[in-house]
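I have placed the structure first, in the form of structure tokens, so that the comments after it can refer back to it.
Numbering (our numbering), first residue to last: 70 to 413.
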């Protein structure tokens with residue numbers, strides 16, 4: 070796809086003021102329309118100086134440590150350009166100032182994509198890093214990413230893909246699951262219980278209509294005491310009940326370790342030790358550690374991942390026509406990293 074190359078190209082961009090979704094489309098990103106305007110100004114100046122096709126080598130590094138994600142989108146942006154690209158693998162941990170991506174080619178081929186490249190890496194790496202923190206807190210327990218409702222729908226699949234790279238077992242967003250090649254995960258919302266008026270009746274129909282392979286997990290905090298409701302559901306579904314979900318709201322103190330511990334013991338006493346306890350609702354790594362030790366088996370994590378700060382990424386030109394260069398304060402020449410692999 071031909072991308073923008075001059076300030077003059079801005080005049081040809083037509084935006085329907087009635088567009089239904091404000092997010093940029095794939096085509097707009099690949100055309101370079103999400104770039105910072107000064108890159109187009111730079112191209113006009115370099116063209117006037119006959120320097121727009123100088124062979125440059127640029128390197129990207131992060132301002133702080135984290136887990137690397139977003140590389141595949143960068144590859145897709147540059148795959149039809151006359152450039153060579155090296156990258157660290159997605160899912161790799163990295164340190165501050167470590168070279169994560171190296172791009173070599175005519176500056177006119179990739180310069181205006183700096184904004185989109187850095188943004189893609191910064192957001193995805195921030196989400197992946199938060200997900201890795203959750204994974205470490207879970208220990209040998211699993212967790213799902215439930216963060217789609219906390220971000221713009223245009224980037225929900227990006228966020229949940231990054232969460233899986235960081236360590237999430239699954240995702241709730243349908244499109245994200247399709248991109249990952251896995252089944253979307255989730256139980257039932259409070260809406261089902263509130264509309265039907267009885268959690269047990271919903272659970273019976275839920276059991277009836279779901280395929281045999283589905284792991285039946287029922288939300289138990291809508292109407293009754295969570296332990297009482299769990300035992301009612303377990304008695305009705307028996308071995309077919311895989312788990313119960315606790316999502317007690319903050320107005321009632323949230324899910325506490327005491328509640329998890331009581332539920333675990335009473336399920337066991339009643340012969341339902343096969344029933345798993347799934348916890349969700351405002352979870353952080355600190356809360357997860359406490360609830361894990363109390364007996365929780367799995368977790369649904371949303372805002373801790375979706376609300377993670379992007380990890381600032383910087384692109385520096387390190388060579389021009391194979392000659393080492395750098396702005397003041399930086400060291401001229403390439404910064405080697407043994408983890409770099411040729412990807413384009």
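Backbone N, C-alpha and C define an ideal beta-carbon position, used for all residues, glycine too.
As assigned by DSSP and simplified to three states, the class of residue 359: Looking up residue 359 in the chain shown gives position 290. DSSP places residue 359 in helix when its eight states are reduced to three.
Cutoff 9 Å: residue 341 Cβ touching any chain B Cβ: Of the chains in the structure shown, none is chain B; there is only one protein chain.
Where in the region 156 to 229 do unbroken runs of the beta strand (DSSP E), each at least 3 residues long, occur, reported from the N-terminal end onward? 168 to 175, 211 to 214
Please classify residue 152: does DSSP put it in a helix, a strand, or coil? Taking the first residue of the chain shown as 1, we reach residue 152 at position 83. Residue state, collapsed to three classes: coil.
What residues match up with residue 88 in a beta bridge as DSSP calls it? Indexing the chain shown from 1 puts residue 88 at position 19. Residue 88 pairs with nothing; no bridge assigned.
If you draw a straight line from the C-alpha of residue 358 to the C-alpha of residue 289, how long is it? Walking along the chain shown from the start, residue 358 turns up at place 289. Walking along the chain shown from the start, residue 289 turns up at place 220. Each residue's Cα considered, the two are about 22 Å apart.
State the DSSP-derived secondary structure class of residue 393, mapped to helix, strand or coil. Position 324 of the chain shown, counting from 1, holds the residue named residue 393. Residue 393: strand per DSSP, three-state reduction.
Beta-carbon separation (whole angstroms), residue 303 vs residue 339, contact threshold 8 Å: The count along the chain shown starts at 1 and reaches residue 303 at position 234. The count along the chain shown starts at 1 and reaches residue 339 at position 270. So it is a contact: roughly 7 Å between Cβ atoms.
By alpha-carbon positions, which one of 83, 171, 73 ends up nearest to residue 407? The count along the chain shown starts at 1 and reaches residue 407 at position 338. When each option's Cα is compared against that of residue 407, the closest is 171.
Where residue 53 falls, given that 16 or more other Cβ within 10 Å makes a residue buried: One cannot answer for residue 53 here, as it falls past the ends of the chain, which runs 70 to 413.
One question on the structure: do residue 365 and residue 196 come within less than 9 Å of each other, judged by their Cβ atoms? Within the chain shown, the letter at position 296 stands for residue 365. Within the chain shown, the letter at position 127 stands for residue 196. Not closer than 9 Å, so no.
From the DSSP output, in three-state form, read off residue 77 for me. Indexing the chain shown from 1 puts residue 77 at position 8. Helix.
Determine the contact status of residue 73 and residue 102, defining contact as a CB-CB distance below 9 Å. Numbered from 1 along the chain shown, position 4 holds the residue referred to as residue 73. Numbered from 1 along the chain shown, position 33 holds the residue referred to as residue 102. Taking 9 Å as the Cβ cut-off, residue 73 and residue 102 qualify as a contacting pair.
Throw me the rounded Cβ distance for the residue 223 and residue 127 pair, which I believe falls under 8 Å. Numbered from 1 along the chain shown, position 154 holds the residue referred to as residue 223. Numbered from 1 along the chain shown, position 58 holds the residue referred to as residue 127. 27 Å between Cβ atoms; not a contact.
Which value, in whole angstroms, describes the spacing of the CA atoms of residue 178 and residue 412? Residue numbering aside, residue 178 sits at position 109 when the chain shown is read from its first letter. Residue numbering aside, residue 412 sits at position 343 when the chain shown is read from its first letter. Approximately 17 Å, taken between the alpha carbons.
Just verifying my parser: in three-state terms, what is the DSSP assignment at residue 108? For the purposes of this step, residue 108 is identified with residue 39 of the chain shown, where counting begins at 1. In the structure shown, residue 108 sits in a helix (DSSP, three-state: H, G or I).
CB residue 363 to CB residue 329, shorter than 9 Å? Within the chain shown, the letter at position 294 stands for residue 363. Within the chain shown, the letter at position 260 stands for residue 329. It is a contact, given that the beta carbons lie within the stated cut-off.
Residue 143 versus residue 190 - alpha carbon distance: Walking along the chain shown from the start, residue 143 turns up at place 74. Walking along the chain shown from the start, residue 190 turns up at place 121. Their backbone Cα atoms lie some 8 Å apart in a straight line.
So which of 268, 327, 395, 120 has the shortest CA-CA distance to residue 429? Because residue 429 is not part of the residues shown, which for the chain are 70 to 413, the question remains open.
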